[in-house]
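Novice: Handing you a structure now.
Numbering (my numbering), first residue to last: 656 to 1259.
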């Protein structure tokens, strides 16, 4: 048992970070303190602790402390340790992809506008970040309708001989076939840049002046188009809540309910609300709303690529505000203000964020309760002694045997567990043999689970009839897997939802549930998700394969030799027409390699 008195007698009163471990030396919790002894002593007082904190303290086997020079340094170190060790009792955010941006190229005569994620290597301007891809698509949709800037890939743009559909529906001016001059196109690009930097009022004034000039010059079609652009901008302005042209703010609202929590963030850049997003961090200590925000903000902003705004507005007063602002300012390279004392429009923003957090948390809780009741109904239908807390479902997707992919999706009582999803590229089977594909996927998956890679499910759903189920039973028996309930989900004769037949292996029975059965709805939800995930994986593999050059699969033909061949012949078709002697004449290509290339390109 952990001797807290002896431990506390040795702890310094300096600022630093502490790490709590259980008896097996597994991390439990990471925290920081201005005074390490006082903070750690608060965990071992005789009264005043919450039930969840007492549960944490009872598990403590050891505590390690790291002394820092300041509380700010302790805050930064704490967030680094939380993200690297992922302690179960800390407030944890799920791993998130980089935020999307709008990219506007600068090296082209006719610049391209598009959604962008990842490293900013291309020459051009990046606008954002946006909270999610749908916000980017909404903005791109508006920009294409209003300013008609091209969004096509450069490879498509350079090889067009006539306008594409985007021109036909009035979303592009067809610069690919010179339907617009570079000067006119640059004007549209400049207006798009002004819009993305929050200068809509300036654009409207410019467009109004140009509309008047066009009217006086009797260019009524041009004037009408300018009028439509002004109307679109004014409608958008009416929907925006903004603070002039310099607003660069994140607004945070928090809500808690029944052990769950939600933080809703409004993203405002250059005076425009780019969008919003709700986060549902996991926390096991029953924190108050101010404590929850104090844990959320540093983890959300520190130690990652996420942009830090000039100002963060919060619905609650956060603890240790001074070191938090110092750490945020140090990472951003400029002053960052965090405040909760607000009036006027800013108070309205916070109220909006808080209401959204409460509403989204209530909706999520209701959805989870509904899902849990479906699991309970499934338990009842199958006559199980315990609630099935984890389901897996497999599906196969291919196009006439091409690029076969198997999917595995996982659900628990909280919904999809997407971190445990897997796809399997199926190889070395006869094209279109779904039984062999299913067997290969199951063998690979359950070999890994048997090796301790993940958790076994309570129920394994197979999208298919008796043949697929038999394949699953043989595969799991061959691996010695026991305790997994196998159920086949076969479509009815009409192949419509609600008429599925369930093949239950453990009872050797077939079940046909009522169309309104919650258990059937759960199975349909999991089955449909497996189907969607399989199709997505198959399409990605198929498209990648079709984009590959036949030259890439030839041994000895690397990037340099591919470039030399394509430069010499001008394209793949010309290489296919060439004789061995012609291929051999390319620098770096031997006689034997030329014969290999010729044979590979002329296989029947």
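Where a beta carbon is used, it is the ideal one built from N, C-alpha and C, also for glycine.
1) Look at the alpha carbon of residue 675 and the alpha carbon of residue 1116, and state the distance between them as a whole number of angstroms.
2) Does residue 1291 come out as helix, strand or coil in the three-state DSSP assignment?
3) Look up residue 922 in the DSSP assignment and say whether it is helix, strand or coil.
4) Shortest alpha-carbon distance to residue 1093 belongs to which of 1082, 1007 and 1126?
5) In chain order, what are the residue ranges of uninterrupted alpha helix (DSSP H) at least 4 long that sit wholly in the stretch 1198-1255?
6) Could you check if residue 873 is buried or exposed, using at least 16 other CB atoms within 10 Å of its CB as the buried criterion?
7) Just tell me which of 875, 767 and 836 has its CA closest to the CA of residue 847.
8) In the DSSP assignment, find the unbroken alpha helix (DSSP H) run with residue 801 in it and report its ends.
9) So what does DSSP say about residue 1102, is it helix, strand or coil?
10) What span of residues does the beta strand (DSSP E) with residue 910 cover, start to end?
11) Within its chain, find whatever has a CB closer than 6 angstroms to the CB of residue 1086; leave out the 5 residues flanking it on each side and keep chain order.
12) Pull up the distance between the alpha-carbon of residue 1001 and that of residue 1021, whole angstroms please.
13) Quick check on residue 893: buried or exposed, where buried means 16 or more other Cβ atoms within 10 Å of its Cβ?
14) Unbroken beta strand (DSSP E) runs of length 3 or more, entirely within the stretch 1061-1092: which are they?
15) Just how far apart, CA to CA, sit residue 1048 and residue 1226?
16) Report the CB separation of residue 1075 from residue 1060 in whole angstroms; it is logged as a contact under 8 angstroms.
17) Within this structure, are the beta carbons of residue 715 and residue 759 separated by less than 8 angstroms?
18) Looking only at its own chain, which residues have a Cβ that is under 8 angstroms from the Cβ of residue 1121, when we skip the five neighbours before and after it?
19) If you count every other CB in all the chains shown that lies within 10 Å of the CB of residue 1249, and 16 or more means buried, which is it?
20) For residue 827, name the three-state secondary structure that DSSP assigns.
21) In angstroms with no decimal places, state the Cα-to-Cα distance between residue 1073 and residue 975.
22) CA-CA distance, residue 1259 and residue 1200?
23) Taking one C-beta from the stretch 727-746 and one from the stretch 975-993 each time, how about it: are there three or more such pairs within less than 8 angstroms?
24) Leaving out five residues before and five after residue 937 in sequence, what residues of the same chain have Cβ atoms less than 8 angstroms from its Cβ?
25) Curious, which full-length alpha helix (DSSP H) runs of at least 4 residues does the stretch 847-887 contain?
26) If you reduce the DSSP assignment to three classes, tell me which class residue 976 lands in.
27) Cα-Cα, which of 905, 909 and 1036 is closest to residue 963?
28) For residue 1220, which residues in the same chain have their Cβ closer than 8 angstroms to its Cβ, ignoring the five residues on either side in sequence?
29) From which residue to which residue does the beta strand (DSSP E) around residue 769 run?
30) Count the other CB atoms within 10 Å of the CB of residue 668; is the residue buried (16 or more) or exposed (fewer)?
31) CA-CA distance, residue 832 and residue 821?
32) Spell out the partners DSSP gives residue 1030 in its beta bridges.
33) Note the first and the last residue of the continuous beta strand (DSSP E) segment covering residue 628.
34) Can you tell which of 1222, 1210, 1119 and 1165 has its C-alpha closest to the C-alpha of residue 1182?
35) Nearest by alpha-carbon distance to residue 814: which of 917, 800, 880 and 829 is it?
36) Decide if the stretch 764-783 is in contact with the stretch 791-802; the criterion is three or more beta carbon pairs, one per stretch, under 8 angstroms apart.
Specialist: Here's the rundown:
1) 40 angstroms
2) Since the first residue shown for the chain is 656 and the last is 1259, residue 1291 is missing from the structure and cannot be characterised.
3) strand
4) 1126
5) 1214-1224, 1227-1232 and 1235-1239
6) exposed
7) For the set 875, 767 and 836, the Cα lying nearest the Cα of residue 847 is the one of 767.
8) In the DSSP annotation of this structure, the continuous segment of the alpha helix (DSSP H) that includes residue 801 starts and ends at 788-802.
9) helix
10) 904-912
11) 1056
12) 30 angstroms
13) Here the model assigns residue 893 a pLDDT of 49, short of 50, so the residue's position is not dependable and the matter cannot be decided.
14) Complete beta strand (DSSP E) runs here, min 3: 1077-1080.
15) Residue 1048 and residue 1226 have their C-alpha atoms roughly 45 angstroms apart.
16) The Cβ separation is near 17 angstroms, so there is no contact.
17) no
18) Result list for residue 1121: 1143, 1145 and 1158, in chain order.
19) With 16 or more neighbouring CB atoms inside 10 Å of its own CB, residue 1249 falls in the buried class.
20) Note: residue 827 maps to coil in three-state DSSP.
21) 35 angstroms
22) Residue confidence for residue 1259 is low, a pLDDT of 45 falling below 50, so the modelled location carries little weight; the figure read from the coordinates is stated next. Residue 1259 and residue 1200 have their alpha carbons spaced roughly 18 angstroms apart.
23) yes
24) 746 and 747
25) 855-871
26) helix
27) Among 905, 909 and 1036, the Cα nearest to that of residue 963 belongs to 905.
28) 1206, 1212, 1230, 1238, 1241, 1244 and 1252
29) 768-771
30) Label assigned to residue 668: exposed.
31) 13 angstroms
32) Answer is none; residue 1030 lacks a bridge partner.
33) The structure shown has nothing for residue 628, since the chain only spans 656 to 1259.
34) 1119
35) 829
36) yes
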